[in-house]
Amino acid sequence: MALWDMAELRPEQIVRLEEDGPAVVLLDQRRLPDDVVEVRCTSAMDVADAIRTMVVRGAPAIGVAAAYGLALAALRGDDLAEAERVLASSRPTAVNLPWALAQMREEPTPERARVLHEDEVDRCRRMAAHAAELFEPGTRALTHCNAGGLATGGYGSAVGALRAAAERGLLERVLVDETRPLLQGARLTAWELEQADIPHAVIADSAAGSLMARGEVDLVVTGADRIAANGDTANKIGTYSLAVLAAHHEIPFYVVAPTSTVDRETRDGSEIPIEERDPAEVTSRFPARNPAFDVTPAALIAAIVTEHGVHRPPFSF
Ligand code: MRU
624 MALWDMAELR
634 PEQIVRLEED
644 GPAVVLLDQR
654 RLPDDVVEVR
664 CTSAMDVADA
674 IRTMVVRGAP
684 AIGVAAAYGL
694 ALAALRGDDL
704 AEAERVLASS
714 RPTAVNLPWA
724 LAQMREEPTP
734 ERARVLHEDE
744 VDRCRRMAAH
754 AAELFEPGTR
764 ALTHCNAGGL
774 ATGGYGSAVG
784 ALRAAAERGL
794 LERVLVDETR
804 PLLQGARLTA
814 WELEQADIPH
824 AVIADSAAGS
834 LMARGEVDLV
844 VTGADRIAAN
854 GDTANKIGTY
864 SLAVLAAHHE
874 IPFYVVAPTS
884 TVDRETRDGS
894 EIPIEERDPA
904 EVTSRFPARN
914 PAFDVTPAAL
924 IAAIVTEHGV
934 HRPPFSF
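Quick note on our numbering: the sequence shown kicks off at 624 and runs consecutively.
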């Protein structure tokens, strides 16, 4: 069956390790939704490049890709410390990346990486069931970036919550922030919602405030790249602005993320490293800045949903 005929991508269609070769095979998220093509990475260095250039992106998915990358290095007999260093330095903000590599250190095998992948998808399904409790019949949700199966290796975190709410008949429709500059919302989230037959409409990022003011948004739900011990949450640039707007309009702002995204070593958001990407992603005609993430203070978050349940403030992880 063609990829684009499916209601939900299978985890191995998003990222997998082929031992015959061997190679880590990634669905190229830069080309979606127009082209459904794969990229074969035959070394840990290739996997690191694919993470850096966002062939694969989204916090749990880059952790899974890095885990397969380390298993690939082990299969090839490469220097594992060097492979881990290269993979760990590919992107700085999502804590899932160092978390996954640490999980692999004792046993850098394909089996271990596959279990880690399955566990991430399982966590998504459990989170989604908890998050669905936050929806009421007829909920009109707004989401940012892509926290779908593409971003988690299967099912999705924030999009998983939307899937579960839709299955329970609680979701009227989803407003999808375009998510400048790389359009993860307009390209990836809209595509996933279309496959899942969930009513949605893409909006320019700057339209969110006005649509909230018109009473068209009942809740905001996003994923996360790193959650500090106090609940401060890093996510795609623009998330903080949405949380401020939601607070102003008294709309609940929810974060849905697995515990692999929680960083107990980081006390608060000021300690989270924020990736600055190539300004050319914004414009090459004028000087530009391109911070890829921002931090939403815990005070603006109504609940953080993990696989363990719905956590309400004050947060303490
Ligand atoms: O730069 P990206 O596309 O990797 O950023 C991804 C996000 O910000 C997602 O919202 C986050 O990783 C949560 S994914 C379940």
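Heads up, the beta-carbon is just placed ideally off N, CA and C, and yes, glycines get one too.
In the DSSP assignment, C747 falls outside any beta strand (DSSP E) and lies within the alpha helix (DSSP H) extending over P733 to A754. The C-beta separation of V744 from A688 comes to about 14 Å, leaving the pair out of contact by the 8 Å criterion.
Of the candidates P683, R633 and Q636, P683 places its Cα closest to the Cα of N858. Collapsing the DSSP output to three states places E641 in a strand. Residue range A682 to R699 is occupied by the alpha helix (DSSP H) that includes A690. Within its own chain, the residues whose Cβ lies closer than 8 Å to the Cβ of T766, once the five positions on either side in sequence are excluded, are A781, V782, L785, V797, L798, V799, D800, G808, T812, V843, V844 and T845, listed in chain order. Checking the DSSP bridge columns, you'll see R663 partnered with V648.
For the ligand MRU, residues qualifying as neighbours are R680, G681, A682, C768, A770, A774, T775, S780, Q807, G846, D848, N858 and K859, where qualification means a beta carbon closer than 5 Å to at least one of its heavy atoms (chain order). With at least 16 other beta carbons inside 10 angstroms of its own, R746 counts as buried. Assignment of T889 by DSSP, reduced to helix, strand and coil, places it in the coil class. Linking G854 to D643 through their CA atoms gives a straight-line distance of about 43 Å.
In the structure shown, R810 falls within a helical segment according to DSSP collapsed to helix, strand and coil. Separation of the CB atoms of R763 and V840 is rounded to 6 Å, and the pair is thereby assigned contact status at 8 Å.
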